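Okay, so the sequence shown: first residue is 1 according to the working numbering, each after it adds one.
Everything on this sheet refers to the single structure shown next.
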Amino acid sequence: MGPEAHNLEVFFFPFLAPGHMIPAVDMARLFASRGVKATVVTTRGNASLVQPAIDWANKSGRHMRLLLMPFPSSEAGLPEGCENVASVPAELQFKFMITSTPLLRDPLERLIREHQPDCIISDGFFPWTADVALGFGIPRIVFDGTNFFSNCVTHSLQYHAPSERLAEGETTFVVPGLPHRIELLKTQTPDMRAMPEAADFLRQLEESELRSFGMVVNSFYELEPEYADHYRNAMGRKAWHVGPVSLCREDTADEATRGAESSIDVADCLNWLDSKKPSSVLYVSFGSISLFTSVQLREIALALEASNLPFIWVVRDFGDSAGHEEEWLPEGFRNKVSENNSGLVIRGWAPQVLILNHGAVGAFVTHCGWNSCLEAISAGVPLVTWPLSGEQFYNERQMTEVLQIGTAVGAGAWTRRAEERELIKAEQIEKVVSRVIGGGEEAEGKRRKARELARRARRAMEEGGSSYSDMDRLIDELIEERRKIANQSVGDK
């Protein structure tokens with residue numbers, strides 16, 4: 001980039017959840033690599049999640065900094081220290097999103113007033129930041145952490161409401177107006193009529209996006225060209241694709257600073273993987289905030305045992321799933337795994353990108369959060385899809401039907417409550433896993449497609465690639481917007 005980029009300062013203000021903060025910091029690093037002064041803004045309780053990555057970037061000669069603000073826990077009616085969705089009890093997470101985070105408006109405005117950034121890239125879950133940016137006369141860009149495909153599906157469902165037009169007894173519908181025929185079960189979408197607060201919040205997100213400068217997307221054009229074009233042309237929205245942002249990491253040590261401190265020694269984990277055959281290991285993880293009942297965890301354990309595959313299983317250390325292991329692990333499971341050196345059970349945080357990029361990993365059982373999907377794509381790893389809520393069922397359709405790199409385990413109901421989910425039995429899990437990681441034609445076909453997408457992902461991030469070039473365009477537009485604002489200010493005087 002030209003010298004003007006070195007005078008451009010951008011605030012990055014991610015939602016307070018690991019799945020939002022980690023890609024936002026990666027994106028900030030990419031901006032910093034082009035000479036932009038990239039400032040990450042978050043609360044004091046979240047500093048440890050992002051500081052190591054920022055320190056590493058600064059060692060590499062990039063200009064990044066971290067600005068911290070207090071989180072008003074008592075004012076929000078939350079226990080002290082609950083500053084991240086991952087630490088908030090499940091029943092309080094929606095309250096955290098819609099009533100607690102707007103309390104950060106005053107601290108954010110003080111930081112903008114003091115540091116005078118040229119732009120703010122804020123999370124889609126902070127719709128109020130559009131008004132903040134307008135008040136300061138600077139552009140606000142939305143980062144919502146998903147992809148073009150799910151944004152197109154969400155918009156179609158909000159606009160057409162096809163599930164509400166189903167006749168009695170009908171259970172499936174086609175999402176209208178998309179480049180592909182995408183069919184969903186009614187139970188795989190949230191019933192907004194039963195969640196008026198959530199429906200109102202979604203309307204706020206939509207209105208906020210329309211008042212913003214545009215949206216930045218952690219994706220690459222070659223992955224979903226029809227949906228990038230549909231979003232920009234048919235929907236008339238402004239957007240830039242700049243991903244996969246996880247590819248900004250320089251080496252293993254750099255990747256190890258991504259996210260929270262690992263609950264397993266990274267070297268031990270990689271050494272264990274080194275001992276396994278190529279494409280033989282099953283990686284199982286459902287993100288940083290998803291929960292399962294003890295009964296479902298036991299079925300997963302039984303499936304892993306029956307598969308006879310080496311595995312890495314990440315179990316979130318919170319809620320029901322953090323109960324005593326004897327409640328959900330089959331008798332003798334730990335001893336058998338230890339004696340045979342056949343698996344790792346990680347309670348807490350795992351170095352996911354490092355694991356996925358190891359040649360021993362052959363498949364990934366995932367909840368279909370977008371970060372996990374894109375990290376698997378970037379590593380060339382096929383998927384066993386097990387969506388739970390959010391936009392995850394839409395991502396599943398993209399992985400299984402559009403890209404054809406995944407196989408569904410059979411989850412049929414959208415819900416955030418673990419106790420309301422249908423039980424997926426061990427036999428079904430093991431059957432699907434064997435199809436994806438086995439040596440047959442179906443498994444090999446998915447593996448080839450995943451590896452080709454990984455090659456395209458790397459190419460997109462290289463100089464001249466689609467994401468590299470789109471970031472150039474975005475920075476140029478921000479420089480031009482700053483020039484317009486400066487000229488307007490002179491004219492007003």
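Even for Gly, the Cβ is constructed at its ideal location relative to N, Cα and C.
The structure presented is a predicted model; accordingly, all values stated were derived computationally and were not measured.
Check	Outcome
DSSP bridge partner residues for Thr-385 (one or two, in chain order)	Thr-366 and Ala-408
Per-residue burial, Gly-137 [other beta carbons within 10 Å of its own, 16 or more giving buried]	exposed
Distance, Gly-439 Cα to Tyr-159 Cα	43 Å
Residue of His-358, Phe-201 and Leu-282 minimising C-alpha distance to Asp-274	His-358
Cβ pair Ile-475, Arg-29 closer than 8 Å	no
Exposure of Met-215, with buried meaning 16 or more beta-carbon neighbours within 10 Å	buried
8 Å contact criterion, which Pro-190 and Val-175 should meet: CB distance rounded	Not really, about 14 Å apart at Cβ, beyond 8 Å.
Where Gly-445 falls: helix, strand or coil (DSSP)	helix
Per DSSP, cross-strand counterpart(s) of Ile-346	Val-314
Buried/exposed call for Pro-196, threshold 16 Cβ in 10 Å	exposed
Nonlocal neighbours in the same chain, by C-beta distance under 8 Å from Leu-478, ignoring five residues either side	Leu-8, Val-10, Asp-118, Cys-119 and Pro-139
Environment of Leu-166 [buried if 16+ CB atoms lie within 10 Å]	exposed
Exposure label - Pro-89; buried when at least 16 CB within 10 Å	exposed
DSSP state of Thr-39 mapped onto helix, strand, coil	strand
Range covered by the alpha helix (DSSP H) that runs through Met-21	18-33
Cβ pair Ile-437, Leu-309 closer than 8 Å	yes
3 or more residues per run - each beta strand (DSSP E) lying fully within the region 189-264	214-217 and 239-241
Nonlocal neighbours in the same chain, by C-beta distance under 7 Å from Gly-464, ignoring five residues either side	none
Whole-angstrom distance between Gly-390 and Ala-198, CA atom to CA atom	11 Å
Reference Gly-412, options Trp-370, Leu-403, Gln-404 and Arg-397, closest by Cα	Arg-397
Range covered by the beta strand (DSSP E) that runs through Thr-129	Not the beta strand (DSSP E): Thr-129 falls in the alpha helix (DSSP H), residues 129-136.
The region 398-412 contacting the region 143-150, beta-carbon criterion three pairs below 8 Å	yes
Alpha carbon of Val-36 to alpha carbon of Arg-62, nearest angstrom	9 Å
Close Cβ partners of Lys-425 (< 7 Å) along its chain, the five nearest in sequence each way excluded	Glu-299
Ala-48 burial status per 10 Å Cβ neighbour count (16 or more: buried)	Residue identity differs from the one stated: residue 48 is Ser in this sequence, not Ala. Ser-48 comes out exposed.
Run of the alpha helix (DSSP H) containing Thr-172, from where it starts to where it stops	It is not in any alpha helix (DSSP H) - Thr-172 instead sits in the beta strand (DSSP E) that spans 172-174.
Alpha-carbon spacing of Ala-17 relative to Cys-373, whole angstroms	17 Å
Distance CB(Ser-288)-CB(Glu-375) smaller than 8 Å	no
Within 8 Å, strictly: CB atoms of Leu-529 and Leu-383	This structure does not reach residue 529, given that the chain is present from 1 up to 493, and the question cannot be answered.
Beta-carbon spacing of Leu-291, Ile-312 below 8 Å	no
Inter-residue spacing [alpha-carbon to alpha-carbon] between Val-381 and His-115	42 Å
Test item: CB-CB of Trp-414 and Gln-188 under 8 Å	yes
Leu-184 in three-state terms, based on DSSP	strand
Unbroken beta strand (DSSP E) run spanning Phe-13, endpoints	9-13
Rounded separation between Phe-12 and Thr-154 - CA only	25 Å
Reference Leu-423; option with closest CA among Leu-388, Lys-446 and Lys-449	Leu-388
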